[in-house]
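Only one structure is covered here, and it is reproduced in the block below.
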Ligand code: MEV
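Numbering (our numbering), first residue to last: 2 to 443.
Put into C-alpha cells, the structure is as follows:
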C-alpha cells in the first residue's frame with residue numbers, strides 16, 4: 002500500500018464483502034493473487050498444511066478484517082487482522098482515526114536481538130566457571146558466528162554472551178549463559194536454538210560442567226517495539242448530537258481514560274484485562290502474518306511482570322497542551338522470513354497489504370495496533386461502557402448462530418438489540434415467528 006492511496010476509506014464498513022475486495026483492488030492495495038489468498042479462495046491448502054504440522058486433516062478458517070486509518074511513522078497502512086471477536090477491527094480503525102489527527106503513531110524497535118539460554122549444571126565452582134566463560138567470550142562469539150553464514154552475511158549473528166548466576170533454585174545454584182543473537186528479519190527461534198545447541202560442547206569443555214537446556218527465552222526483552230500517539234482533545238469529544246447527559250467533553254474523556262489506565266498500572270487483576278485489550282490488537286496481526294502468537298503473548302506478559310509485580314504494558318497521560326498521550330512498549334519477536342510466514346499464502350499477502358519489507362517495520366505496525374486497541378477499550382470503558390458498542394456486533398453473531406442468513410442477519414440483530422435481549426433462545430424464537438408468518442401469508 003503506497004502513501005498516495007491512503008488508509009482512509011470512508012464507508013468501507015457499509016460495503017458488501019465483494020465491494021470491499023473490489024475497493025482494495027481498485028486502489029492497487031493488493032495483487033489479485035494476494036487478494037484471493039486473503040479472501041480465502043486461494044489461501045492455505047490442506048496439501049500445504051500437511052507439510053507444516055503433523056497428522057493434518059484440514060485447514061481452519063477465521064475472519065480476516067482490514068483496520069483502516071493507520072498512519073505509522075508517517076506512512077499510511079492498511080492493517081489485516083485475523084480475529085473472531087467483534088468490535089476489535091472497528092475499534093482499532095476508529096482509534097487510528099483519532100490518532101491520525103495527532104500525527105498518527107510514532108513507533109520504533111530495538112535491534113532484533115533474541116536471547117538463547119544454556120543451563121550449565123555440575124560445575125565444580127560457579128565463580129570460576131563464570132570467569133572462564135567470560136575470558137573466552139570472543140572465541141565463543143566467533144564460533145557462534147560461523148554457525149549461520151547466511152545470517153552473518155545479512156548483518157546478523159551473535160552480539161554478546163552473558164553469564165548469570167541463579168543463586169536459588171530447587172536444585173541449588175547454577176549458571177545460565179545468555180547468547181545474544183541478532184536474527185535480522187526472522188523470528189529467530191531456529192537460529193538461536195541451533196546456535197545454543199552447537200555452542201554447548203565448547204561451553205562444557207571450558208567449564209567442565211554439563212549443559213542441560215539449550216533454548217531461546219520468550220522473554221525477548223532485547224527485542225522491544227515501542228509506539229506512542231497523541232490524541233487531540235477535540236477528537237476525544239463525542240455525543241455532540243446526543244441527548245443532554247450523553248455529551249462527553251474531551252477533557253473529561255481524557256481524564257477518565259487516564260483514571261482507567263491508573264487502575265491497570267496499580268492492580269494486577271485489572272492489568273491482566275487491560276493487557277488483554279492490547280493483545281486484541283497485537284495478536285490478529287501476528288496471526289495473519291503467520292507469526293508465533295504464543296511467543297508474543299508469553300513475552301508480553303512476562304515483560305509486564307518484569308518489575309516483580311504484573312502491571313500495564315501501556316501508559317496514558319496528558320501533554321503540555323492538555324492532549325491525551327499514550328505509549329506502549331513490549332517485546333515483539335516477529336519475523337517476515339521463514340516458517341509459516343513463507344509458506345502461508347495469506348501471510349505473504351498480509352505483508353504485501355501492509356507494504357512491510359523488514360521485521361522491524363512489521364513490529365512497529367503491530368505495537369501501534371496494540372496501542373490503538375488499548376485506547377478503544379479504555380475509551381469505551383471510561384465513558385458509555387463496553388456493551389453498547391459490543392452488542393450490535395455480538396447480536397449479529399447470535400443471529401448467525403440461531404440460523405439466520407442473508408438479509409435476515411442484520412434485521413434479526415437489530416431487533417435483538419432493540420429488545421435488549423441478545424440471546425440465542427430469543428433469536429431462534431424470532432426466526433420461528435418469521436417462518437410461521439411467511440407460511441400464513443403464502
Ligand atoms: C475485551 O476483549 C477486552 C477488554 O476487556 C479490554 C479492557 O478491559 O481494557 C475490553
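The beta-carbon is built from N, C-alpha and C at its ideal position, and this holds for glycine as well.
Pull the bridge partners of residue i from the DSSP assignment, please.
i, result
"residue 159", "182"
"residue 117", "180 and 217"
"residue 249", "239"
"residue 226", "110 and 331"
"residue 407", "Paired residue(s): none; residue 407 is not in a bridge."
"residue 82", "66"
"residue 211", "122"
"residue 325", "232 and 319"
"residue 187", "338"
"residue 76", "73"
"residue 165", "177"
To the nearest angstrom, how far is the alpha carbon of residue i from that of residue j?
i, j, result
"residue 189", "residue 228", "22 Å"
"residue 36", "residue 137", "52 Å"
"residue 5", "residue 68", "For residue 5, the predicted model reports a pLDDT of 43, less than 50, meaning its position is unreliable; a value from the coordinates is still stated below. Straight-line Cα distance between these residues: approximately 17 Å."
"residue 345", "residue 45", "6 Å"
"residue 373", "residue 205", "48 Å"
"residue 107", "residue 125", "50 Å"
"residue 366", "residue 429", "41 Å"
"residue 197", "residue 330", "28 Å"
"residue 113", "residue 222", "10 Å"
"residue 318", "residue 328", "9 Å"
"residue 308", "residue 267", "12 Å"
"residue 411", "residue 426", "17 Å"
"residue 38", "residue 22", "12 Å"
"residue 304", "residue 357", "26 Å"
"residue 40", "residue 280", "24 Å"
"residue 2", "residue 265", "Per-residue confidence for residue 2 stands at a pLDDT of 43, beneath the threshold of 50, marking its modelled position as unreliable; the derived number appears in the next sentence. Distance between the alpha carbons of residue 2 and residue 265 is about 36 Å."
"residue 86", "residue 103", "28 Å"
"residue 250", "residue 216", "52 Å"
"residue 275", "residue 254", "17 Å"
"residue 341", "residue 61", "14 Å"
"residue 282", "residue 294", "12 Å"
"residue 248", "residue 286", "34 Å"
"residue 26", "residue 290", "20 Å"
"residue 71", "residue 433", "43 Å"
"residue 389", "residue 92", "13 Å"
"residue 163", "residue 383", "45 Å"
"residue 310", "residue 302", "11 Å"
"residue 332", "residue 440", "59 Å"
"residue 12", "residue 225", "35 Å"
"residue 78", "residue 237", "22 Å"
"residue 82", "residue 424", "27 Å"
"residue 34", "residue 443", "46 Å"
"residue 48", "residue 347", "15 Å"
"residue 351", "residue 343", "11 Å"
Would you mind giving the Cβ-Cβ distance between residue i and residue j, rounded to the nearest angstrom? I have them listed as a contact below 8 Å.
i, j, result
"residue 393", "residue 414", "6 Å"
"residue 133", "residue 181", "About 19 Å separates the two Cβ atoms, so there is no contact after all."
"residue 296", "residue 219", "5 Å"
"residue 193", "residue 117", "4 Å"
"residue 123", "residue 157", "Actually they do not touch by this definition, with Cβ atoms about 32 Å apart."
"residue 148", "residue 111", "That belief does not hold up - the Cβ atoms of residue 148 and residue 111 are roughly 23 Å apart, past 8 Å."
Which residue wins for smallest C-alpha separation from residue i, given the options the options?
i, options, result
"residue 18", "65, 385, 302 and 217", "65"
"residue 312", "326, 270 and 321", "270"
"residue 75", "136, 88 and 97", "97"
"residue 369", "109, 44, 148 and 146", "109"
"residue 273", "196, 248, 299 and 258", "299"
"residue 436", "404, 354 and 357", "404"
"residue 160", "169, 140 and 80", "140"
"residue 127", "192, 210 and 371", "210"
"residue 178", "212, 410 and 343", "212"
"residue 80", "49, 442, 31 and 115", "31"
"residue 167", "151, 121 and 144", "121"
"residue 316", "280, 338, 337 and 263", "263"
"residue 386", "258, 162, 359 and 321", "258"
"residue 73", "398, 383 and 355", "355"
"residue 234", "184, 320 and 169", "320"
"residue 284", "149, 16, 33 and 371", "371"
"residue 339", "53, 24, 28 and 34", "53"
"residue 292", "406, 94, 153 and 364", "364"
"residue 361", "24, 402, 337 and 391", "337"
"residue 10", "153, 95 and 57", "95"
"residue 418", "399, 407, 408 and 406", "399"
"residue 395", "115, 416, 380 and 129", "416"
"residue 378", "89, 49, 231 and 348", "89"
"residue 115", "352, 186 and 241", "186"
"residue 7", "406, 29 and 16", "29"
"residue 421", "408, 202 and 391", "391"
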